[in-house]
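A.B. asks: Pasting a structure below so you can have a look.
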Amino acid sequence: MASIDVHKVDKKFGKVTALEDVSFSVADGEFFCLLGPSGAGKTTTLKIVAGLVEPGGGTVHIDGVDVGDVEPTHRDLAMCFENYALYPQLNVFDNLASPLRSPLSRTPADEIRHRIAHTAGLLGIDHLLDRSVTQLSNGQRQRVALGRVLVRPARAYLLDEPLAHLDAKLRATMRAELKSISGGDATTTIYVTHDYVEALSLADRIGVIRDGRILQVGTPGEVWSAPANAFVAQAFGKPRINLVPGALVASDDGQTFASADGAFQVPVPSTDVGEGTEVQIGIRPRDLRLHTGAGDVPDGQVRLEGSVYVLEHLGRNTEVTVAIGQSRLSVIVPRSEVSSLARDDKVGVLMNPHTVHVFLAGAEGKRV
Ligand code: ATP
Numbered sequence: 042m043a044s045i046d047v048h049k050v051d052k053k054f055g056k057v058t059a060l061e062d063v064s065f066s067v068a069d070g071e072f073f074c075l076l077g078p079s080g081a082g083k084t085t086t087l088k089i090v091a092g093l094v095e096p097g098g099g100t101v102h103i104d105g106v107d108v109g110d111v112e113p114t115h116r117d118l119a120m121c122f123e124n125y126a127l128y129p130q131l132n133v134f135d136n137l138a139s140p141l142r143s144p145l146s147r148t149p150a151d152e153i154r155h156r157i158a159h160t161a162g163l164l165g166i167d168h169l170l171d172r173s174v175t176q177l178s179n180g181q182r183q184r185v186a187l188g189r190v191l192v193r194p195a196r197a198y199l200l201d202e203p204l205a206h207l208d209a210k211l212r213a214t215m216r217a218e219l220k221s222i223s224g225g226d227a228t229t230t231i232y233v234t235h236d237y238v239e240a241l242s243l244a245d246r247i248g249v250i251r252d253g254r255i256l257q258v259g260t261p262g263e264v265w266s267a268p269a270n271a272f273v274a275q276a277f278g279k280p281r282i283n284l285v286p287g288a289l290v291a292s293d294d295g296q297t298f299a300s301a302d303g304a305f306q307v308p309v310p311s312t313d314v315g316e317g318t319e320v321q322i323g324i325r326p327r328d329l330r331l332h333t334g335a336g337d338v339p340d341g342q343v344r345l346e347g348s349v350y351v352l353e354h355l356g357r358n359t360e361v362t363v364a365i366g367q368s369r370l371s372v373i374v375p376r377s378e379v380s381s382l383a384r385d386d387k388v389g390v391l392m393n394p395h396t397v398h399v400f401l402a403g404a405e406g407k408r409v
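The numbers in the working numbering rise by one with no breaks, and the one at position 357 of the sequence shown is 398.
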C-alpha cells in the first residue's frame, strides 16, 4: 500500500492545456475518486501518476518518494484504462494470470490459482475462466480487465472508468463489489469517473476536476452539503441543484436574496459578502416542498408563489418544475401528491432558508 501526492502538476499537449496546477493527496488505503466531465483531465492525471505521460511541471510522490525518474513498471501500480486490452489468443484464466506470471511478480502456481478463483468469484466471472476472451460480451470483457488489475497485489490501483461499459444493473452490482473489495483490503485506489453516483457511493474522498483544474477535494458529505462553487454543486444530484441568479439586498435581520427579475425574495444564511453583491442561490430539488392548500406555512419555512410549468413522472416520484417569474425551480414530490396537478395551476413552494447555498455569480461562482 502507498500514499500518493500529486503536487502542482501541469500538462500541455501542444496548445491544449490539459492540466493546470493540479494538487491532491491520497492517503494510504484511501479510495479517491476523480470526478469530472469529458475532457476535464482525469485520464491525463492518472497517466501521469502511472508514469505513462510526463508532466510539464510539478511532482508525483509515492510513499513520500519523488517518482519523476521511476519507470512505470517500477512504480508497482496496477492500472485499468477504459480501452482495456486483453490478450485475444488467451482464455480468461490466462488473461487473469498474466500479471502474476510476469518476471517481476514470480507468483507460485498454487497462489495464482487461489488468487484467480478469489478475484473471479468477486467479479462474477468464475464460470468464464475457460472461455476465450474473444467470446465474451463487452461487459464480461470489462470485468476480466478489472480482474486483471485486482488479481495482483500492488501498492495502489489506478482505475479509469472501469464500469463504463456495463449495463445499469451490472454497474450497481459491481459498485457494491468494488466497495467491498476496497473496504476489505483497503488498497490505495484512484478511481476516475464522470458518474457522480459512483463517486458518492465509492469514495472516501472525491476530487472534482474541470478544465484541467481541481475545484474541490472533500468527502462525499462535504462536496454534497458544502460545494465550493456553483459548478461542484451542479455536479452532484439529479435533477441538478436549482440555481437562481440575483443579488443580496438590504433587510432588517440577516441577509436576503432577491431574484434578478424581482419576482421573489428569501432570507439566506449569512455570507461574507455585502448587500448589492451579485450572487446565485442553489437549492436542491429534494430540499423544496410543494404547498398546494391554504394551510399554515410551517415554522422556519418561507412560501414562494408560482405556477406549475412542467410535470415529469419519474417512477414513484414526480419532478415538478415551478415557474416563479423568470425562475424555474425543480421540486421532487411523491407522485401520489401531485395526481390532481396540471400545467399552470397555482402552487406554493416551501423553502427552508437553512438549505439554501449562496454562490457568487458565474459558472464557477464560489460559495460565500
Ligand atoms: P474523458 O472522460 O472524455 O476520457 P478526461 O477527463 O479523461 O476525458 P483527458 O483524456 O485527460 O480528459 O484529456 C484532457 C484534455 O487533454 C482534453 O482536452 C484532451 O483533448 C487533451 N488530450 C489528452 N491527451 C492528449 C494527447 N495525447 N494529445 C493531445 N491532446 C490530448
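Ideal placement from N, C-alpha and C gives every residue a C-beta, glycine not left out.
Helix or strand or just coil, what does DSSP make of residue 57?
C.D. replies: Residue state, collapsed to three classes: strand.
A.B. asks: Can you find the residues in the same chain that come closer than 7 Å, C-beta to C-beta, to residue 65, ignoring five residues on each side of it along the sequence?
C.D. replies: 47, 248, 255 and 258
A.B. asks: Just confirm the distance between the C-beta atoms of residue 61 and residue 271, as a whole number of angstroms; I'd bet it's less than 8 Å.
C.D. replies: Between residue 271 and residue 61 the Cβ distance is about 19 Å, and since that is not below 8 Å, they are no contact.
A.B. asks: What number of angstroms, rounded off, separates the C-alpha of residue 77 from the C-alpha of residue 268?
C.D. replies: 14 Å
A.B. asks: In this structure, what does DSSP give as the bridge partners for residue 330?
C.D. replies: 391
A.B. asks: If you draw a straight line from the alpha carbon of residue 347 to that of residue 372, how long is it in whole angstroms?
C.D. replies: Spanning the two alpha carbons is a distance of roughly 12 Å.
A.B. asks: Pick out whichever of 314, 309 and 390 has its Cα sitting closest to the Cα of residue 339.
C.D. replies: From the listed residues 314, 309 and 390, the smallest Cα separation to residue 339 is found for 390.
A.B. asks: Would you list the one or two residues that DSSP bridges to residue 75?
C.D. replies: 233 and 248
A.B. asks: Is residue 229 near ligand 1, with its Cβ less than 7 Å from a heavy atom?
C.D. replies: Incorrect: residue 229 has no Cβ contact closer than 7 Å to ligand 1.
A.B. asks: Whose C-beta lies closer than 8 Å to the C-beta of residue 177 among residues of the same chain, with five residues either side of it excluded?
C.D. replies: 133, 169 and 185
A.B. asks: Tell me the start and end of each unbroken alpha helix (DSSP H) in the stretch 157-214 that is at least 4 residues and wholly inside, in chain order.
C.D. replies: Scanning the stretch 157-214 for uninterrupted alpha helix (DSSP H) segments of 4 residues or longer gives 179-191, listed from N- to C-terminal end.
A.B. asks: With a threshold of 8 Å on Cβ separation, who are the neighbours of residue 409 within its own chain once the five nearest residues in sequence on each side are excluded?
C.D. replies: 312, 313, 314, 318, 320, 399, 400 and 401
A.B. asks: Taking Cβ to Cβ, would you say residue 67 is nearer than 8 Å to residue 131?
C.D. replies: no
A.B. asks: Go ahead and pull the three-state DSSP assignment for residue 309.
C.D. replies: strand
A.B. asks: Would you call the stretch 351-370 and the stretch 378-392 touching, i.e. three or more CB-CB distances under 8 Å?
C.D. replies: yes
A.B. asks: Using a Cβ-Cβ cutoff of less than 7 Å, which residues in the same chain neighbour residue 285 once the five nearest sequence positions on both sides are dropped?
C.D. replies: Excluding positions up to five away in sequence, the list reads 300, 321, 322 and 368.
A.B. asks: When you measure from the CB of residue 57 to every non-hydrogen atom of ligand 1, does any distance come out below 7 Å?
C.D. replies: yes
A.B. asks: Under three-state DSSP, which class holds residue 64?
C.D. replies: strand
A.B. asks: Drop a sphere of 10 angstroms on the beta-carbon of residue 202, count the other beta-carbons inside from all chains shown, and report buried for 16 or more, exposed for fewer.
C.D. replies: Under this definition residue 202 is a buried residue.
A.B. asks: Nearest-angstrom Cα distance between residue 104 and residue 89?
C.D. replies: 16 Å
A.B. asks: Would you give the residue range spanned by the beta strand (DSSP E) that residue 118 belongs to?
C.D. replies: 118-121
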